[in-house]
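What follows is a short report on a single structure.
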Amino acid sequence: PPPPPKKGKMLLGGVVCVVVGGILVVLFVYGSLMMAMPKMRSCEVVSLHIYPIKSCAGLTIDQAAMTRLGFEWDRRFVVVDSKTNLMISQRSHPQMALIRPTVSQDHNTGKITLKTTFPGKTDFQEVFCLEDAEKKLPTAVVEVWRQKIVAARLSHDASKWFSDIIGKPCYLATIKGVDAHDRPVKAHAVNSGDQAGAFADGYTYLLASEESLASVNAKLRMKGENAVSMDRFRPNIVVKGVGEGFAEDGWARITIGGIEFQCVRPCSRCALPTVEQNTGVRNKNNEPTRTMKTFRFFPWVIPNTPKIYFGQNMICTEWKGKKPKTIKIGDRVKVKCPASSAGRQTSALTRMMVFASKLLRL
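For the sequence shown, the numbering used here gives the first residue as -17, with consecutive numbering after it.
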């Protein structure tokens, strides 16, 4: 009789069968979920937004340059409580919605000019060099959602201007440099070294769809409430053509204009969407938060801890290149890999599908 097969070969054969079987299962689930996704017509970017000073008014732009910290100039400045070094936001000071900043840089001299306006107050202008932020300006350790960030403190005149509006002592801070700033994503990281942005809440990009906003407004109108505009949710990238409201809940890996993004987790919402951005006044009925709690309240990210979700937090895995990459209005959006289910971007199955889709160049 022939000699029995060696144990080593049997073990290797078993491992190969398990790996191949696992890949086939993952691909089957991937294909099933892709087929079950809402049919997207021509999905594209319809607006782009940056918010130079955290929690102040945003700027609508036609195209946005990408950096390791997100869109250029997005949340590069933050208003900070002088006593606690904690960030100050519209959550506690809704009047910040009326602070309107513009920012520019002279690439010949390196000078950065930040201009701000506020109703009934003299306009303010701060001019400084990025090199000064790195080496000369006083250092401040700013806290954003329990994360301590080394920053540069701007002028006393800036402190006075913002303190008058906020109603208590505060100062304005900025990053020490795009390359010098280091703030890794502290939760739900996809790759080592992924950045959380300059002073954003936790991720470099926030995407939302017009269809999702329409779904929220339909619920509001049914209750006799006024519709809300997209600026309540402060996204960076607004798209349309996703097929149905909240389709982005089920995305894991997408491309925008051919640039790849990883969808990290849906965005949980605080009280800020209740602030009318044109008046700086909080809605007396706590809308749209009260209505959204009836149909957008899920325990997606933290088990047994439901929160209200709107929009998709993302990081960019391809921001770096020989030439600065940009996103512009009209760029096509394509879903490369779905999540295992809505809101499950961090599940083991989703991670396996993302890995398989990249490996097979799907």
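Quick reminder that beta carbons are idealized off the backbone N, C-alpha and C, glycines included.
Computed from a prediction, not measured in an experiment: that's the story for all the values here.
Other residues of its chain near residue i: CB distance less than 8 Å, five sequence neighbours each side excluded
{"i": "residue 212", "result": "29, 190, 192, 195 and 220"}
{"i": "residue 207", "result": "267, 269, 270 and 273"}
{"i": "residue 202", "result": "208, 209, 210, 269, 270 and 273"}
{"i": "residue 265", "result": "256, 257 and 258"}
{"i": "residue 218", "result": "30, 31, 32, 46, 52, 53, 56, 187, 188 and 189"}
C-beta atoms of residue i and residue j nearer than 9 Å
{"i": "residue 258", "j": "residue 214", "result": "yes"}
{"i": "residue 250", "j": "residue 289", "result": "yes"}
{"i": "residue 239", "j": "residue 314", "result": "yes"}
{"i": "residue 62", "j": "residue 35", "result": "no"}
{"i": "residue 51", "j": "residue 160", "result": "yes"}
{"i": "residue 248", "j": "residue 292", "result": "yes"}
{"i": "residue 76", "j": "residue 263", "result": "yes"}
{"i": "residue 345", "j": "residue 84", "result": "One cannot answer for residue 345 here, as it falls past the ends of the chain, which runs -17 to 344."}
{"i": "residue 64", "j": "residue 187", "result": "no"}
{"i": "residue 56", "j": "residue 310", "result": "no"}
{"i": "residue 137", "j": "residue 181", "result": "no"}
{"i": "residue 79", "j": "residue 260", "result": "yes"}
Residue i - partner residues in DSSP beta bridges
{"i": "residue 188", "result": "295"}
{"i": "residue 166", "result": "177"}
{"i": "residue 111", "result": "93"}
{"i": "residue 31", "result": "42"}
{"i": "residue 86", "result": "95"}
{"i": "residue 289", "result": "280"}
{"i": "residue 204", "result": "Answer is none; residue 204 lacks a bridge partner."}
{"i": "residue 103", "result": "100"}
{"i": "residue 26", "result": "222 and 314"}
{"i": "residue 306", "result": "Looking at the DSSP assignment, residue 306 forms no beta bridge with any residue, so it has no partner."}
{"i": "residue 62", "result": "69 and 153"}
{"i": "residue 47", "result": "308"}
Beta-carbon contacts of residue i that lie in its chain and below 7 Å, excluding the five residues immediately before and after
{"i": "residue 268", "result": "256"}
{"i": "residue 244", "result": "172, 235, 296, 297 and 299"}
{"i": "residue 312", "result": "26 and 27"}
{"i": "residue 318", "result": "235, 236, 237, 339 and 344"}
{"i": "residue 162", "result": "116"}
{"i": "residue 124", "result": "60, 62, 67, 69, 131, 133 and 155"}
{"i": "residue 40", "result": "31, 32, 33, 213 and 216"}
{"i": "residue 92", "result": "111, 112 and 113"}
{"i": "residue 233", "result": "245, 294, 317, 320 and 321"}
{"i": "residue 252", "result": "73"}
{"i": "residue 141", "result": "152, 153 and 154"}
{"i": "residue 301", "result": "48, 49, 50 and 307"}
6 Å Cβ shell around residue i - same chain, five flanking residues per side excluded
{"i": "residue 197", "result": "227"}
{"i": "residue 122", "result": "133, 135 and 155"}
{"i": "residue 316", "result": "237"}
{"i": "residue 329", "result": "322"}
{"i": "residue 47", "result": "54, 306 and 308"}
{"i": "residue 346", "result": "Residue 346 is absent from the model: the chain starts at -17 and stops at 344."}
{"i": "residue 279", "result": "288 and 290"}
{"i": "residue 346", "result": "Residue 346 lies beyond the stretch modelled for the chain, which goes from -17 to 344, so this question has no answer here."}
{"i": "residue 106", "result": "98 and 143"}
{"i": "residue 283", "result": "247"}
Cβ separation of residue i and residue j, assumed to be a contact under 8 Å, to the nearest whole Å
{"i": "residue 119", "j": "residue 108", "result": "That pair is no contact at about 11 Å."}
{"i": "residue 100", "j": "residue 81", "result": "5 Å"}
{"i": "residue 324", "j": "residue 231", "result": "4 Å"}
{"i": "residue 37", "j": "residue 72", "result": "5 Å"}
{"i": "residue 32", "j": "residue 53", "result": "5 Å"}
Heavy atom of the ligand ADP within 8 Å of residue i beta-carbon
{"i": "residue 78", "result": "In the structure on display, the ligand ADP does not appear, and there are no ligands present to speak of."}
Which ranges does the alpha helix (DSSP H) cover as unbroken runs of at least 4 residues, wholly within the stretch 221 to 279, from first to last along the chain? 271 to 274
Length-filtered (3 minimum) beta strand (DSSP E) runs lying within the stretch 110 to 162: 121 to 126, 129 to 135 and 152 to 156
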